[in-house]
Every structure is written in structure tokens, then in C-alpha cells.
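Following: one structure in C-alpha cells, then a few remarks.
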Amino acid sequence: QVIHLADYRPTDFVLERVDLTFELDPTETKVEARLIFHRRPGADPAAPIVLDGDELTLSGLLLDQVELDPSRYDATPESLTVRDLPESAPFELTITTVINPEANTKLMGLYRTGGIYCTQCEAEGFRRITYFPDRPDVLAAFTVNIIADKDANPLLLSNGNFLGGAGYGPGKHFAAWFDPHPKPSYLFALVAGDLGVIEDTFTTMSGREVVLKIYVEHGKEPRAAYAMDALKRSMKWDEVRFGREYDLDIFMIVAVSDFNMGAMENKGLNVFNDKYVLADPEIATDADYANIEAIIAHEYFHNWTGNRITCRDWFQLCLKEGLTVYRDHEFSSDQRSRAVKRIAEVRHLKSEQFPEDGGPLAHPVRPTKYREINNFYTTTVYEKGSEVTRMIATLLGKDGFKKGMDLYFDRHDGQAVTIEDFVKCFEDASGRDLTQFSLWYHQAGTPLVTASGSYDAAAASFTLSLEQMIPATPGQPSKEPMHIPLSLALFGENGGKIEPTSVDGAEYIGEVLHLTGRTQTATFHGIASRPVVSINRGFSAPINLHFDQSPADLALLARHETNHFARWQALTDLALPNLLKAARDAREGKPVVCEATFIETLIAAAADDALEPAFRAQALALPSESDIARELGGNNDPDAIHAGRQAILKQIADAGKDVFAGLYAAMTTSGDFSPDAKSAGLRALRNTALTYLSHAEQTPARAKAAFDAANNMTDLSHALTILAHRFPDSAETSEALASFRDRFAENALVIDKWFAIQAGIPGAKTLERIRALMDNPLFKRSNPNRMRALVGTFAFANPTGFGRADGDGYRFLAGQILDIDERNPQLAARILTSMRSWRSLEPARAEHARLALIEIERAADLSTDVRDIVERTLKG
Ligand code: ARG
Ligand code: ZN
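Quick note, the sequence shown lines up with residues 482 to 1357 if you use this note's numbering.
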């Protein structure tokens, strides 16, 4: 069944209030929902009410406290329909359901994890708890009463403010919560059990004191300290940057170990995958710390962008996600290095979103139809959605954007709105027409901009010809030209910036060139010598750019661009042709030779102490094998790509051996471990130097010494990765893997790393290792983090292992997907998206992949989640 945006209409009944009572029991939890409705003025006076359900059984139904005659209603697992309701007077339905949290392996609705009751309701999990108008445009204030065994569940939590609690018969107690802010059901949360807590407070800008609590497993409290610090910084930042203040007396976060996603922004009671809460130097890498900071901020920022102002329907998901990702990116940029953060964002966008946008699963940021909404929590909605928000900020400028955001908060607080409402705020605040710009929400596919320049010395002018092309995507064969803001600057041969005296042919304001036509020619006047052009600085637009620049020009930008992101871009543009050629040469059995300007420029950047270490580490991290595959575009042989890239790494390593040895010795941190960005940058550069040294030396000795000497997880896991990925069969590697396992056997999050590192070992033999790891007593099929670590890493991040020539990797995945789907469809569907680029493989592998997909498609009893992904992947 396909849901269409065009079919949207408001409900016939308005929900006034919600009163829920839970009698918790591991296998038989009784839920009583008292819902007060009235018919919407103008609605059909005879219309029945139809409430959503999912695998529910009704065990009681009252209308205004009187038992309803079965002739008045129909209850199925999927819906409850009640007829002959009052024409306009309010009425109350009291609905009783009994659910089994222990048996809930889908991890949607109310489930149990590690002895804790917890909920996940976005997008449509609330209907697994009780019959309800389970859609985001139905907002109400919720009262929640929780009754449970006191010993097993000293903690009884829900959204809003605590009303009170007391005993409730022998061995039991209850607690009541009230959330005064009207909210949709997807923001409901309940947590009960026995957990440890750390507490703090935050005083808001108007002087209100908010209690902050983070709940984790007993004994793990110290590991929540960094998350608490990140939370307080997020609260402060949202006040300063966006003028947003928190609005309840208490803000709680609960960390659980079985969770389908990263975290969830339930009002006042965020529930987190514990991977994004727990950290200390022994168990967390610098990347883990950065993720925790970003996700804590993301969920907190949802309080305004998502909760106070929510989505009218799920087609509008990017209204809250794109905007909130933009906000968390800005937060991390302010807390860390802006250029380095931007590089990381763009790397992620290109490696995850570009393949999605260029493959069978491509969809607009604001889709118009779906079969399963869970499959639209994508990098397109999140990351491209954030880029679209960033472009609005670029178009309007800092002040204009702020005015638009203020208007949005002002105008729509308490409402469930659409992308059109959002864009209108920026139009009204700036007086700018954003009609053409809005195509970014509606047209899928990554635009390709082709540029070419010519310099006219006599006229002292430089002419730039631009052309845009948006590729066809499923359901969208042809596209309109878009409004593409290109940040652009010109540099002279000496590296200094050249300011044109005037520009015609295109709007050029504040160093941003506005490409709006399918083709456009801009002429820059007053240019005294041939300029080197830097286009799409800071990745001002999420596009592919084809612009033929000589290695010498790119080297100049790599050294002199004032925007450090653009320097990184120039280094990447220098690297790519070499990597592409290396892949082709490796495939034909030819020797791989790397061009000299690139190596020299890269090593000069590595040695440049004026550059931040974190930046240098990013510069030295070459495009990945899947980046290379994407750039090659088709007929891809993962083994050749891998071999070519390894050969280039070796040449860089040999040429820069002394520089890398110097960096390895110099980039040390002193004193106690600190996760701050600067220290993390030192570790990143030092570890990158170690990687190159291992390429130069071709022996595991140095990595093994680093492994033995490491005193934090960043260094330890990096050394282990070098050992496993580069020297998988060495004695050093077996020893290191065994010692790592023994040391961390009790720590699930670290053991995930142990599985993931092994799943990423290049080459055809890894599949056998993975099969063996599945029989390891530490492997836990029911845990999503563990599955993502082993099966997810293999399928998403190991092109040569997963893509081995005989197709066994794809067949293995098919088997896993069918198995996971029986328990957890959302997880199965997510991991299956690793097949999205199958058509760009060389013919023999592509055929193996297709047959594996068909094996999945033919299976009986597939979930809607997996069916939707497999059919689109095969068709598109
Ligand atoms: N809203 C959550 C977040 O981005 C994610 C929820 C994901 N839900 C899902 N059904 N996949 O913070
Ligand atoms: Zn979010």
C-alpha cells in the first residue's frame, strides 16, 4: 500500500487530551488509554472514528465510561473503528489493550532491553501500544500513570513534569507524569526499571533552573559525564545562537543497549543508543566523543525544531531532520574547528548521500509517496536536507537567515507544519522569492555542474561558462534547472585573491555566484592576470562539479586558498584522477604510477605546521574505495580499485617517509587524556602518519608496538585496524585481536569495535572469518549494534570482501537479511540498503548481486520494510 502526499487531509476528530495508565509486566502489560475527542467542525457528522493499531488486540472499550456494544465497533490488529459517535459534543473512549514487551523484537513500541522497559514510537510505534490517531498532526497534552513492581522498577519515567507517586498495593508503586506541551504520539516515551543516574542542573537565560538527569546501567555513571557536559553546552548554545530556551522543569536522557537507531527526541525524555552516551578514554575513540556531542545536541535541538514545531505528515520529515542536522552541524563547528567539521560533513555526504541520490533508492528531500516511512530516515532527508537549509542561510546571509528562523519559531510554535510553511518564513522575512530554490526539496538527484573558463588579457576579463544537469531518478525522468549558490573566488598566480571590479551574466554577491539557468556565462572584469578559480568553496551547494583544472592550479589552491575546506577540496581533486587511473591500470595489470605534483603538494601540506593537525589528517586520508567507485561510475571491479589505491598509498608513504616519521614522533599529547578537538587532531595526524609508515615499511612491527603502547581507545583501535587490515595473517595481528577481546569481553560497545574491525578486513577470505565470528559466544544476533558492527560493516565498508568475485558475499547478505527480517524488519531493511550501488559493478558481480536480491524478493512473508527496499533496489 502506497501513501501519497496528495491524499493528505486532516482527521475528522480532534483529540483534546490523553490519559494513559500502564500496568507494567514483562509479558502482559495492560494499557488503558482514555482519549477525549470531538468531531472537527465541518466534518461528516456520520463519519466513524478510525484509530491505528499494529499487532494489537482489544481487551476493553468504553464510550463515556459505558461498555460499547460490539455492533458499534470493529477491532482488528491494525485498526479500531467506532461508529455512531456524537455529532459535535466531546466524548471519551477508554481503550484497553494488553501487550507483550518481552516478545517485541522489532524494538518499536514498548519493549524490554537489559531488564528495562523502554519505548520507541517514531514514526509509527505508538500504534503498537494502543489504538490511536497515530500521525504527527494530532497533538494533545498527555498524562501518564505507570504502575509496576517496585523492586524491579524503582524508576518510572515518562514525558513532561513529575506529578507525584506513591505505593500501589503489595510490592507495587506508581508514578504520574504530565506533559503540558501538546505533542504527537511519536514523541511519547516511557522508561521503567533499575538504572544508575548522574544529575546536574542548567539555569536558562530567563533564570529558570532545569534538572538534568542521564540514566545509564548501574556502574557506568562516570561514563555519562561527557554526555552531560555536551548537553549543557547544547542548551547554552541554542539560547545564544537561536534564542531557544528549554521549556520543562526536567530534561532526562536514558541510555539503552538495544536500539534501532542513534537516539530519539521524545519530549523531555530522550532515549539513546548507549553507544552515543557512554564514553571514557579507555573505551571511546575521538570519533565516539564527537558523535556523542553531536547526537546529544541533535536530540536536544529537536525540542524546538521537531517538538514545539512538528511535521504535518511524514512527507515533511526533513522539516525537522534537515533543519536539526543543520543546527547540530553548526553547533559542532562552533565547538570545534569549522573547516575540519565541514570536511567531515562533506566526506559523509559524498560517501553516503551521493550514492543514494545516484542509485535506485534516490528520492527527493521531501518525497511525495512511500510504502514504509521507516525507510525514509535516509541521508537524503537528513544530510541533504541539512545542506538545503545551509543553502538558505547562504542565500539570505546571516541576518536574513536569523530573521527567517525567528519568524518560523514565532509563527508556528505549537503547530504541525509543512516545508512550504518553513520556506515561506524565509521569503516573508527577506522579501526574496524562493520558488526556484524550493526545487531542492522536490527534485532528487545530485546536480552536475560543468564549468569552463577563459581569460582575455586584452580585456582584463575572465569568463566562466556554467552548465547544470540533474540526472534522471526513479519517477523523475526530467528536471528543471535549479538555483545553485556557488561560493567562488579568484586567485592570482602569486596566491593572492583577485577582486573583480564588476561581474555580469550572473548575480555575484558576497562571493556567491548564483547559477539559475541551465547554462549561464559570467564575466568577471578588472582581472589583471590569468586567475585560478575556486568554485563551490566550503561546498556551498551539494553538487558534483566538473571543472578541468591543471595540477598546477590545484596545487596553488591547495597552498593558498583562504578557505581551508577549499584547500582540502583542491587536494582531493589532485588525488582523484590518480586514484581513478590507478584503478584502471591495476585492472589491466599495468604498473600504477602517481603523478608528482600531487604527491609533492600532499606531503607539503602534511609537513606544514601552520595547518591544524586535524586538517592535515583529513588531507592525508585519501578518498575511500567506495568514493573511487562512485567517481568511476560503472563497470566497477572492487579488487582493482583496492589494488590501485594501495599502490598509490605506498608511493605517498615512500616519498613522505621522513615527514611521516617526524609527525609520528612530534604529534604527541601530554598530560591526562582530553577529548577536545585539538588533542583529537594531534592523535588523528599521528595515527595517519602511522598508517603511512606501515605502508612504507610493509611490516606489522610498528603498528604492534603502537598497539602495545596505546593508552586510549583512539590509538588502540587505530593500531588494531592497521594490523588487521594490512597484515591479517600475521602473528602480531592474532595476538593483538586476542588480547583486545580478552581485555574488553565484558564491554559490549568495545566488542562491537572488535567485530567491526575484523568485518572490514579487505579480501575474499573475510567472509569465512565472519561466518566463524557469528559462532563466537560474544556474538549476539538480537542486538542491533552488534549486527551493524559485523554484518553492516562488511556490507557497507568492505568492497573487496563483500564484493568478492564469486558472489558469495551477496548471497551471504541475502541469508542474513531474511534471518534478521523475522525479528527486526527495520534493521534488516537498513542493512539491505548496502546493495544500492549494485548496478555500477562489473557485469559478473552485478549478476551475482541481482540474483541475491531476487532470492530476497522471492522469500515468503517479507516485511513491508524489506519488500519496499528490495523492490526499489531491483527496479530503479
Ligand atoms: N528522530 C530520530 C532522530 O533523528 C530518529 C528516529 C528514527 N526513526 C526511525 N523509525 N528510523 O533523532
Ligand atoms: Zn533527528
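Glycine included, each C-beta is placed from N, C-alpha and C at the ideal position.
From Ser552 to Arg564, what does the alpha carbon distance come to, in whole angstroms?
-> 9 Å
Residues in its own chain within less than 7 Å of Lys756 by CB, not counting five upstream and five downstream?
-> If we look at Lys756 and ignore the five residues flanking it on each side, its Cβ neighbours are Leu1230, Asn1266.
For the 8 Å Cβ check, are there 3 or more pairs between the stretch 503–521 and the stretch 574–586?
-> yes
Considering only residues of the stretch 1281–1330, which uninterrupted beta strand (DSSP E) runs meet the minimum length of 3 residues and lie entirely inside it, listed in chain order?
-> none
Nearest residue (CA-CA) to Ile1133, options Thr1149, Ala1102, Glu1106 = Ala1102
Residue interval of the beta strand (DSSP E) (run including Gly677) = Its beta strand (DSSP E) spans residues 677–684.
Excluding the five sequence neighbours on either side, which residues of its own chain have a C-beta within less than 6 Å of the C-beta of Val495, listed in chain order?
-> His519, Arg521
Run the proximity test for Glu811: is its beta-carbon closer than 7 Å to any non-hydrogen atom belonging to ligand 2?
-> no
Bridge partners of Glu548, per DSSP?
-> Leu543
Counting pairs of Cβ atoms below 8 Å between the stretch 798–817 and the stretch 847–867, do you hit three or more?
-> yes
Length of the line joining the Cα atoms of Ser818 and Ala1158 | For the pair Ser818 and Ala1158, the Cα-to-Cα distance works out to about 7 Å.
Can you list every residue whose CB sits closer than 6 Å to some heavy atom of ligand 1, going in chain order?
-> Glu603, Ala604, Met742, Ala744, Met745, Glu746, His779, Glu780, Glu802, Asn855, Tyr858
Say whether the stretch 700–711 touches the stretch 600–616, bearing in mind that this needs 3 or more beta-carbon pairs closer than 8 Å, one atom from each stretch.
-> Inter-segment contact for the stretch 700–711 and the stretch 600–616 is absent: fewer than three beta-carbon pairs are separated by less than 8 Å.
Check each candidate in Gly998, Val735, Phe1221 and name the one with the smallest Cα separation from Glu680.
-> Val735
Taking the runs of the alpha helix (DSSP H) that are 4 residues or longer, which of them lie wholly in the stretch 722–790?
-> 767–782
Starting from Met1268, trace the beta strand (DSSP E) both ways and give me its first and last residue.
-> Here Met1268 belongs to no beta strand (DSSP E); instead the alpha helix (DSSP H) covers 1265–1268.
Is Asn1117 buried or exposed, if buried means 16 or more other CB atoms sit within 10 Å of its CB?
-> By the C-beta density criterion, Asn1117 is buried, having at least 16 other C-beta atoms within 10 angstroms.
Which residue's Cα is closest to the Cα of Tyr667: Val691, Met745, Thr682, Asn626?
-> Met745
Any beta strand (DSSP E) of 3 or more consecutive residues that is wholly inside the stretch 922–969 | 929–937, 942–950
So, are the CB atoms of Ala1310 and Val1347 less than 8 Å apart?
-> yes
Would the beta-carbon of His1123 fall within 8 Å of that of Thr849?
-> no
Closest Cα partner of Asn772 within the set Phe753, Glu1352, Asn788, Glu763 = Phe753
Tyr489, DSSP secondary structure in three states | coil
Can you give me the start and stop residues for the beta strand (DSSP E) that Leu671 sits inside?
-> It spans 671–674 - the beta strand (DSSP E) in which Leu671 sits, taken as one unbroken run.
What is the rounded straight-line gap between the Cα of Asp894 and the Cα of Asp902?
-> 12 Å
Taking Cβ to Cβ, would you say Ala604 is nearer than 8 Å to Ser639?
-> no
Could you pull out every residue in the same chain whose Cβ sits closer than 7 Å to the Cβ of His1045, ignoring the five residues on either side in sequence?
-> Ala820, Phe1096
Could you check how far apart the C-beta atoms of Asp493 and Ala514 are, in whole angstroms? I think they sit under 8 Å.
-> About 19 Å separates the two Cβ atoms, so there is no contact after all.
Classify Asn1168 as buried or exposed, calling it buried when 16 or more other Cβ atoms lie within 10 Å of its own Cβ.
-> buried
At least three beta-carbon pairs within less than 8 Å, the stretch 777–790 to the stretch 822–837 | no
Hey, would you say the C-beta of His783 is under 7 Å away from at least one heavy atom of ligand 2?
-> yes
Going by the CB atoms, is the gap between Asp535 and Phe609 shorter than 8 Å?
-> Before going further, note that residue 609 is Arg rather than Phe in the sequence given. Between Arg609 and Asp535, the C-beta spacing is below 8 Å.
Mapping DSSP to helix, strand and coil, what is Glu568?
-> Reduced to three states, the DSSP call for Glu568 is coil.
With 16 as the cutoff for other CB atoms within 10 Å, does Met1148 come out buried or exposed?
-> Met1148 is buried by the Cβ-count criterion.
Kindly confirm or deny that the stretch 1233–1250 and the stretch 1279–1294 touch, where touching means at least three C-beta pairs closer than 8 Å.
-> In the pairwise beta carbon analysis, the stretch 1233–1250 is classified as touching the stretch 1279–1294: at least three pairs are separated by under 8 Å.
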